[in-house]
Structures are given as C-alpha cells and as structure tokens.
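Here is the structure we will look at, set down as structure tokens.
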Amino acid sequence: MDASELIVLIYVLVLASYLGFELIFKVPPTLHTPLMSGSNAISGITIVGALIACNELGYSTLSKWLGMIALVLATINVVGGYAVTDRMLKMFKKK
Amino acid sequence: MNTGIQLAYLVASVLFILGIKYLGKTKDARKGNFVSAVGMLIAIVATLVTLDILTLLEIGVCILIGSAIGLYYAYKVPMTKIPEMVALFNGFGGLASFAVALSDYYLKSETNLASLDAVNLTSIILSLLIGGVTFTGSMVAYLKLDGKVSGQPITFKGQHLLNLLLLLAFVAASVLVFLDPTQITYIVILIVISLLLGILTVIPIGGADMPVVISLLNSYSGMAACATGFILNNNVLIVAGSLVGASGIILTQIMCKAMNRSLVNVLLGGFGQTVATGGADGPAVVVKEIGVEETAMLFDSASSVIVVPGYGMAVAQAQHVIRELMEQCEKRNINFRFAIHPVAGRMPGHMNVLLAEANISYDKLIEMDDINEDFSNTDLVFVVGANDVVNPAARTNPESPIYGMPILNADKARTVIVSKRSMGKGYAGVENELFGYPNCLMLFGDAKQTITKVVGELKEMA
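And the structure:
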C-alpha cells in the first residue's frame, strides 16, 4: 500500500470516528443496551473481510478455512445482533 | 476494486450512520436498527456479486449456519441475560476479525510476499492483538456474567507486571515479524500473547464493574474491524469499525463517570477486596424491618412513589410484578416513577430494557440527574435490589471507597423501603448507611415473592 492510499484510509478513520462521537452522545441512556447490541451487529462488518478471505480456492489452504470460520462467526454477530436489537426495541413503548 | 462495489460500500456506510442517528430518538430507534441492517445487507450482497462467489456452496453453508445460530440465540435469550449475549457476540466479532487477519497473512505469505509491506504488517499485527484480546476478554466477561466463573475479582501477586512483560514480548515479537515476515513462529507467539492478554486483563475485574468492561470490549471489537479494514484497504470496514469504536468509548466514559472512577482504576481491578476487611470493623448498622402488610399500607397512603431498581431486580426477575405494583398504584392516582442510575445492572441501560420488557412505558424511567431533585418531596422510595447507588456515604463519608460517586438521593424521601434478600453488603464491600437511617425500612425476602404479596394485599384493599 502506498502513502496516498494510506492517507485516504486515515482520513476515513478520523472523520468517521468524529461523526460517531457526535451521534452517539445524542443517544438517550434508555437506549444504551440496544445501542450496544446494535453496534455489536455493525462491528460484524468484518463479514465483508470474511467473504473476501473465503474467495480463496482449494480447501487445502489454511487461508480459506480461516475465512470460513470468520464467516460463520461474523454472520452470528450480524444476524443475531440485529435480531436481538429489534426484539428489544420493539418493547420500548410509550403509553 | 471496481467503482460499483465502492459505491455500494459508500451507501452502506451512510446507512450505518443514519441508523445510529435514528437511535437518538426512542420512537425512531427501531427504524434505525432496520436501516443499519439494510446497510449491512447491501455491503454483503455487493461483495458477493463483485467477487462472483454467489455460487460457492461453502459460503452459503457458512452463512446459513451463522444465521441459524444467531437467530436462535437472539429470539431465545431472556432479557435478563442480554449482557451475557452481548459479551458472547462481541467475542465472536473479535475472533472473526482475528481470523480474517490471519487468513490474509497466510495468503500473502504464500503467494505474494511483496504485498506484506509495513502498513500491511502493522495492520495485521494490530488486528491480531485487538481481535485476540476482544475474543478471550469477552469470553471471560461472559463466563463471569453467567456465573460459570466467580464474579469476584481474581488477583494474584505480580499480575500487572506479568501483563506489562507480555505486552513488551508482544512488541518484541512484532519487530521480529517485520524483520522476517515469513517466520510463522513469530506470528504464533503474537497470537498466544494476545489471547493471554485478553484473559489476564479481564479476570481481575469484579462483576459490578462489568458495565465498563463490556463497553470497552464493544469498542475493541469495532477497532478490530477497523484494523482489518486497513489490511484489506476497505473503507466500509473502517467507517463501521470506527462508529462502533466511538460508541464503546463513549459508553465506557459514561460508566466510569457514574462510578466516579478512572478507567485505569477499573482496569487495574480488584476493587472492593481490600475494602471488605476494613468495612467489617465499622459499627454495625441497626436496621428496622417491615412486613408485607405494612408495606402495602404505606403504598396505599402515598401520593408519590419512586422505584430504584438494581441488579437484584434482574436476578429475582421481579420486573413483571413491579409493573403490577405500578398498576395498583396508578389506580389510586399515585405518581409512580422509576429512577435509573447509569450503572444499575450489568451493562449500560440494562434496567431500561428489563422494565420495557415488563411493558412499562419508557417515559416513566427517569435518569438520575432529572429525578434527584424530586426525592425530597416524594412520600415513598422503593429500592429493589440496588445498594451502592443509594448509599449516602458517597456524599457524606470521605473514608468510604465509593465517596464521590454520584448517587440517587433516595435517603431524602419521607420513607424508604428496601427490598433485599438478606443483610449483605454491596459489591464495594461497604455497609450501606441508608439502611440505618430513621426513615429506612427493610423488606427482607426474595423480591419477586415479597412484591407479589404486597400486590395481593393492595388488591384486597381496593
């Protein structure tokens, strides 16, 4: 990776972190548990990396097996995370 | 990578951001979670299509297995066990990033050694470290929360020194990896150390400090995804990872502030251990007991009630009978509200979820700063399974280990009833001064059973 590519990635990192801080400060404490399980699901974005790693052909390579393990784990994280967050948020009602 | 997938990743990133924005309002929150999930779906489908791997059977199988496990757990888990589930899933996320980093390392070391440049190696090393610590740390947190391992801090002599030495060894092994990226041995050393560090940094932390630990591990799982994004030169991983990283850091900060402790102090662990012996020498608190009938009468004659829930409510599963209590009170036009301390329970917002599950409207749940003024003109405060968060020693006794911690001013109410299993100390190991106050009455017994009886009495009175 050359320096210009790296700089772009660092830009993205810094700006996204800043935006994250701004937005998350506004989440009310009532929703902190769903925020956590929801952001947990978002951190399952590694699933994209897992898919790329699975792309390796031939089962003899360790790369592919690691990619498949990662894929199962990240899918649990993504699907379970969003599902449980939805289940929780459904319960928050105002009467 | 082609333009199409980059655009898809951009859309996904925007949807993640929008999703979190919607979480800022309780009524939009569910929509926010949906928007974020759509973003994830777009990122996944775009990757599958671009790599042309839709037809690969093993990918379908892995996704099916993962989805089945995830859905099963998500719909089966009881709300009291949410902290355990979050810890467990968090660990999976960390391990996934860890496995992706390792997979990428193997692929490059075997096929394209030149691509293992300084940036790449640094990202791989960071991803292994953060992912590994997230994984084992979350597993220990899960075992502690679930009671499979004692929630007590586990400490031993030279613990911090050992951690420091391990960290130094990690740095040394990293340098060796840089010098010779093909040496698998060094990578194995890095893996072992990072997994060990995760265990060693979480075992000294006590059960009640778990809100801080879970928040921090949540942040780590985001950072691990970020590091993986640097390995793969992938923007959507970096955006999503840094949003999660930021979220975890903010929650960690809020939790530390609510306990008046620094993050370092929490992480060094062992809190409450030295104090427990000191506390036992103090004068014993003389308490006054109250029975179920008198409790019902006090509720009947009150015009305003504030309930202070704590972890004990979750353990006793008392949230549903508390709703019945609320209904009885509201029939009598009693102003009935809940005061929520930020660190009540085992994770941020834990009490809110339990009370929401019991079908209690969220506008009844009032944050500490908004309700603390109201205690002095409240007739009755009912403390259920909370202890340190209502201990006036935090205001009055500079000797107390919890001195300076912001607390709910329950003691200022006309009458305080504390529902408690037995006379035990809070996790900080200190006597609760409140229990000896003249306006404080103890209702001993399992919270669910005693409150059920109180509700029964109230129904008869009506």
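Taken in order, these protein sequences are the chains called A and B.
For what it's worth, this note's numbering labels the leading residue of the first sequence as 2, then goes sequentially.
For what it's worth, this note's numbering labels the leading residue of the second sequence as 30, then goes sequentially.
Quick reminder that beta carbons are idealized off the backbone N, C-alpha and C, glycines included.
#### Entry: Status (buried if at least 16 other CB within 10 Å, exposed otherwise) for V12 of chain B
Summary: the structure shown does not reach residue 12 of chain B, with chain B confined to residues 30 through 491, and so no result is reported for it.
### Query
Looking at the C-beta of S40 of chain A, does it have a partner C-beta in chain B at a distance below 8 Å?
With 8 Å as the cut-off, S40 of chain A counts as an interface residue toward chain B.
### Message
With a threshold of 8 Å on Cβ separation, who are the neighbours of A17 of chain A within its own chain once the five nearest residues in sequence on each side are excluded?
### Response
Excluding sequence neighbours, A17 of chain A sits near nothing in its chain.
### S126 of chain B classed as buried or exposed, judged by whether at least 16 other C-beta atoms fall within 10 angstroms
With 16 or more other Cβ atoms within 10 Å, it is buried.
### Enclosing beta strand (DSSP E) for R366 of chain B [first to last residue]
R366 of chain B: member of the beta strand (DSSP E) spanning N364 to I369, first to last residue.
### Message
To the nearest angstrom, how far is the alpha carbon of Y249 of chain B from that of G227 of chain B?
### Response
Whole-angstrom Cα-Cα distance: 11 Å.
### Task
Kindly say whether M342 of chain B, judged by its beta-carbon, lies nearer than 8 Å to any beta-carbon of chain A.
Under the Cβ distance rule, M342 of chain B does not count among the residues neighbouring chain A, no pair being separated by less than 8 Å.
### Query
Out of curiosity, what's the CA-to-CA distance linking T324 of chain B and K96 of chain A?
So the alpha carbons of these two residues sit roughly 27 Å apart.
### Query
Beta-carbon separation of V73 of chain A and I94 of chain B under 8 Å?
It is a contact, given that the beta carbons lie within the stated cut-off.
### Query
Taking the beta strand (DSSP E) that S96 of chain B falls in, what are its first and last residues?
Segment L86 to K105 is the alpha helix (DSSP H) holding S96 of chain B; no beta strand (DSSP E) there.
### Task
Alpha carbon to alpha carbon, how far is T47 of chain A from F26 of chain A? Give it in angstroms, no decimals.
For F26 of chain A and T47 of chain A, the distance between alpha carbons rounds to 25 Å.
### Message
Bridge partners for K65 of chain A per DSSP, in chain order?
### Response
Here K65 of chain A is not bridged, per DSSP, to any residue.
### Task
Measure the alpha-carbon distance for T76 of chain A versus V350 of chain B and round it to whole angstroms.
Roughly 37 Å between the two C-alpha positions.
### Query
Checking contacts by CB at 8 Å: is Q348 of chain B closer than that to chain A?
Interface with chain A (8 Å Cβ-Cβ cutoff): Q348 of chain B is excluded.
### Message
Within 8 Å of any Cβ in chain A, is that where the Cβ of G251 of chain B sits?
### Response
Yes, its Cβ sits closer than 8 Å to a Cβ of chain A.
### Task
Give me the Cβ distance between I492 of chain B and G274 of chain B, rounded to the nearest whole Å; I'm assuming they're in contact under 8 Å.
With chain B covering only 30 through 491, there is no way to say anything about residue 492 of chain B.
### Task
In angstroms with no decimal places, state the Cα-to-Cα distance between V316 of chain B and V13 of chain A.
If I take the Cα positions, the gap works out to 59 Å.
### Beta-carbon separation (whole angstroms), N381 of chain B vs I400 of chain B, contact threshold 8 Å
Not confirmed; about 14 Å, so no contact.
### Task
Verify the CB distance criterion: does G161 of chain B have a CB-CB separation below 8 Å to chain A?
No, no contact with chain A.
### Query
Assuming Y171 of chain B and G120 of chain B make a contact with CB atoms under 8 Å, what is their CB distance in whole Å?
About 7 Å separates the beta carbons of Y171 of chain B and G120 of chain B, which is inside the 8 Å limit, making them a contact pair.
### Query
So what does DSSP say about E396 of chain B, is it helix, strand or coil?
Three-state DSSP puts E396 of chain B in a strand.
### Message
For I319 of chain B, count the other beta carbons within 10 Å of its own beta carbon; 16 or more makes it buried, fewer makes it exposed. Which is it?
### Response
Of the residues assessed, I319 of chain B falls on the buried side of the cut-off, its CB having 16 or more other CB atoms within 10 angstroms.
### Message
Using a 10 Å radius around the Cβ and a threshold of 16 neighbouring Cβ atoms, would you call I11 of chain A buried or exposed?
### Response
Result: exposed.
### Query
Could you give the residue range of the beta strand (DSSP E) that holds M434 of chain B?
DSSP places M434 of chain B outside any beta strand (DSSP E), giving it a letter other than H or E.
### Cutoff 8 Å: S18 of chain A Cβ touching any chain B Cβ
Yes, S18 of chain A counts as interfacial toward chain B.
### Message
Please give the ranges of any alpha helix (DSSP H) in the region 235-310 of chain B, keeping only runs that are unbroken, at least 4 residues long and fully inside the region.
### Response
The region 235-310 of chain B contains, as complete alpha helix (DSSP H) runs of 4+ residues, the segments 239-261, 264-287, 292-297 and 302-309 (chain order).
### Task
For the alpha helix (DSSP H) holding T444 of chain B, just list the boundary residues, first then last.
For T444 of chain B, there is no enclosing alpha helix (DSSP H); the enclosing beta strand (DSSP E) has its first and last residue at T444 to K449.
### Message
Taking 8 Å as the cut-off, does the region 73-88 of chain B touch the region 31-39 of chain B (at least 3 CB pairs, one atom from each stretch)?
### Response
Yes, they touch.
#### Entry: Residue interval of the beta strand (DSSP E) (run including V419 of chain B)
It is not in any beta strand (DSSP E) - V419 of chain B carries neither H nor E in the DSSP assignment.
#### Entry: CB contact check: F45 of chain B to chain A, cutoff 8 Å
With its beta carbon less than 8 Å from one in chain A, F45 of chain B belongs to the interface.
### Task
Kindly confirm or deny that the region 160-168 of chain B and the region 218-226 of chain B touch, where touching means at least three C-beta pairs closer than 8 Å.
With contact defined as three or more Cβ pairs closer than 8 Å, the region 160-168 of chain B and the region 218-226 of chain B are in contact.
### Query
If you measure from the beta carbon of I111 of chain B to each beta carbon in chain A, is any gap under 8 Å?
Output row for I111 of chain B: interface = yes.
### Other residues of its chain near T303 of chain B: CB distance less than 6 Å, five sequence neighbours each side excluded
Here the model assigns T303 of chain B a pLDDT of 44, short of 50, so the residue's position is not dependable, and the following value carries that caveat. The answer is none, since no qualifying residue turns up.
#### Entry: Unbroken beta strand (DSSP E) run spanning V412 of chain B, endpoints
For V412 of chain B, the uninterrupted beta strand (DSSP E) segment begins and ends at L409 to V413.
### Message
Would the region 401-415 of chain B count as touching the region 334-349 of chain B if we require 3 or more Cβ pairs under 8 Å?
### Response
Contact between the region 401-415 of chain B and the region 334-349 of chain B is present, because at least three Cβ pairs lie under 8 Å.
### Query
So what's S152 of chain B in DSSP terms, helix, strand or just coil?
S152 of chain B sits in a helix when the DSSP states are folded into three classes.
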